[in-house]
Amino acid sequence: MPGITLTRFLIDQQYQTQAVSSDLRLLVEVVARAIKAISVNVGKGALAGVLGEAGTGNVQGEAQKKLDVIANEILLEANEWGGHLAAMASEEMDDPHAIPHRYPKGEFLLLFDPLDGSSNIDVNVSVGTIFSVLRCPDGVSLPTEKDFLQPGTKQVCAGFAVFGPSTVLVLTLGNGVHAFTLDREMGSFVLTQANIRIPEDTQEFAINMSNMRFWEPPVKRYVDELLAGKTGVRGKDFNMRWVASMVADVYRILQRGGIFMYPRDLKDPKKPGRLRLMYEANPMAFIVEQAGGAASTGRERILDLQPTELHQRVAVVLGSKNEVERVASYHSA
Ligand code: AHG
Ligand code: MN
Ligand code: MN
Numbered sequence: 230m231p232g233i234t235l236t237r238f239l240i241d242q243q244y245q246t247q248a249v250s251s252d253l254r255l256l257v258e259v260v261a262r263a264i265k266a267i268s269v270n271v272g273k274g275a276l277a278g279v280l281g282e283a284g285t286g287n288v289q290g291e292a293q294k295k296l297d298v299i300a301n302e303i304l305l306e307a308n309e310w311g312g313h314l315a316a317m318a319s320e321e322m323d324d325p326h327a328i329p330h331r332y333p334k335g336e337f338l339l340l341f342d343p344l345d346g347s348s349n350i351d352v353n354v355s356v357g358t359i360f361s362v363l364r365c366p367d368g369v370s371l372p373t374e375k376d377f378l379q380p381g382t383k384q385v386c387a388g389f390a391v392f393g394p395s396t397v398l399v400l401t402l403g404n405g406v407h408a409f410t411l412d413r414e415m416g417s418f419v420l421t422q423a424n425i426r427i428p429e430d431t432q433e434f435a436i437n438m439s440n441m442r443f444w445e446p447p448v449k450r451y452v453d454e455l456l457a458g459k460t461g462v463r464g465k466d467f468n469m470r471w472v473a474s475m476v477a478d479v480y481r482i483l484q485r486g487g488i489f490m491y492p493r494d495l496k497d498p499k500k501p502g503r504l505r506l507m508y509e510a511n512p513m514a515f516i517v518e519q520a521g522g523a524a525s526t527g528r529e530r531i532l533d534l535q536p537t538e539l540h541q542r543v544a545v546v547l548g549s550k551n552e553v554e555r556v557a558s559y560h561s562a
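Using the working numbering, you'd call the opening residue of the sequence shown number 230 and step up by one each time.
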């Protein structure tokens with residue numbers, strides 16, 4: 230029995246559950262095709278000369294890697310001419326990218342982090358791509374930044390890919406979370422996990438411990454209690470993992486539970502967190518909630534936040550529901 234390809238899955242979704250329109254189906258197919266192209270480039274590594282610095286910076290003041298720029302170009306080119314988009318926005322571009330006049334326009338807005346985990350590119354550790362899909366507001370033909378500033382609850386689709394030992398695409402259309410593994414010989418994504426559920430409890434946590442001295446008291450208290458293990462108030466031992474590629478950390482949590490934190494800290498008081506709301510926190514929060522987990526800043530549900538800027542940063546606490554709720558309760562205590 231052949232596997233269910235992404236194409237077949239999306240067609241089934243369109244006709245059986247009406248979870249996807251033909252335009253959204255096309256959008257997902259095009260993003261998946263771009264992800265395959267990024268996967269090929271990531272996989273060639275030094276052979277294709279794609280490692281190392283690009284020599285440029287992005288709007289966040291971060292040095293761009295060659296693969297950040299390549300992945301961004303691949304996503305832009307693939308999505309410009311299909312007629313499914315009104316505009317795109319990316320971590321690597323200051324302003325939204327308009328669809329050129331010569332191409333048809335569609336009803337959706339696409340946001341992406343073309344290459345997540347850039348610090349891991351040159352050391353051959355998993356990286357990925359994250360994307361989020363919103364509807365373009367009615368009557369807007371040339372979307373500007375403010376048209377993108379919709380809360381995460383308005384997402385119609387979100388997904389991410391992990392370029393690890395295998396390339397996996399994780400997708401939600403608002404009715405569960407499904408994972409597809411790239412069959413490299415056939416060139417197609419094949420459904421390998423339907424309706425992923427995150428266990429409500431966990432003994433595994435992910436946080437960059439080197440920031441400990443900058444954390445706020447609720448996070449410090451929570452992690453101290455985890456570290457105290459069996460003899461502390463939690464009465465059990467916890468294990469720690471930190472890949473430093475959010476895609477890989479979230480993928481692990483989808484597979485076996487866990488809590489991921491990049492909390493607000495006092496390292497740079499101007500930044501309310503490390504991760505970006507629109508193309509990192511929101512799509513991951515949508516996916517995690519759809520898998521039965523929770524996603525919070527510690528103070529509020531991420532998906533409820535009203536964005537004020539395209540590239541704004543936010544605190545992120547997500548994963549197994551009971552642990553995320555505990556962290557939130559320490560913030561309100
Ligand atoms: P990006 O490579 O898109 O800038 O994102 C990297 C993010 C995220 O993937 C990861 O969880 C975090 O930055 C790692 O931060 P540290 O280097 O502080 O551990
Ligand atoms: Mn990222
Ligand atoms: Mn990135």
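The beta-carbon is built from N, C-alpha and C at its ideal position, and this holds for glycine as well.
Keep in mind that this is a model prediction, so the values were computed, not measured.
Say the cut is 7 Å; is the CB of residue i nearer than that to a heavy atom of ligand 2?
i, result
"residue 475", "yes"
"residue 342", "yes"
"residue 509", "yes"
Going by DSSP, what residues sit across from residue i in a beta bridge?
i, result
"residue 491", "545"
"residue 359", "342 and 389"
"residue 407", "400"
"residue 326", "317"
"residue 438", "Answer is none; residue 438 lacks a bridge partner."
Buried or exposed: where does residue i fall if 16 or more other Cβ atoms within 10 Å of its Cβ makes it buried?
i, result
"residue 290", "exposed"
"residue 370", "exposed"
"residue 505", "buried"
"residue 231", "exposed"
"residue 484", "exposed"
Find the nearest neighbour of residue i within the set the options, judged by alpha-carbon distance.
i, options, result
"residue 352", "534, 472, 479 and 513", "472"
"residue 318", "305, 285 and 310", "305"
"residue 511", "409, 349, 534 and 493", "534"
"residue 441", "489, 396 and 495", "495"
"residue 315", "366, 454 and 296", "366"
"residue 382", "282, 427 and 361", "361"
Compute the minimum distance between the beta carbon of residue i and the heavy atoms of ligand 1, and state whether it is under 7 Å.
i, result
"residue 345", "yes"
"residue 361", "no"
"residue 239", "no"
"residue 494", "no"
"residue 506", "no"
"residue 355", "no"
Are the C-beta of residue i and some C-beta of chain D separated by less than 8 Å?
i, result
"residue 244", "The structure shown contains no chain D; it holds only a single protein chain."
Taking only heavy atoms of ligand 3 into account, decide whether any of them is closer than 7 Å to the Cβ of residue i.
i, result
"residue 302", "no"
"residue 323", "no"
"residue 320", "yes"
"residue 478", "no"
Between which two residues does the alpha helix (DSSP H) carrying residue i extend?
i, result
"residue 443", "Careful: residue 443 lies outside any alpha helix (DSSP H) and carries neither H nor E."
"residue 238", "235-241"
"residue 434", "Not the alpha helix (DSSP H): residue 434 falls in the beta strand (DSSP E), residues 433-435."
"residue 415", "Residue 415 -> no alpha helix (DSSP H), and no H or E assigned at all."
"residue 293", "Element bounds for residue 293: not the alpha helix (DSSP H) but the beta strand (DSSP E), 292-294."
"residue 258", "251-273"
"residue 514", "511-519"
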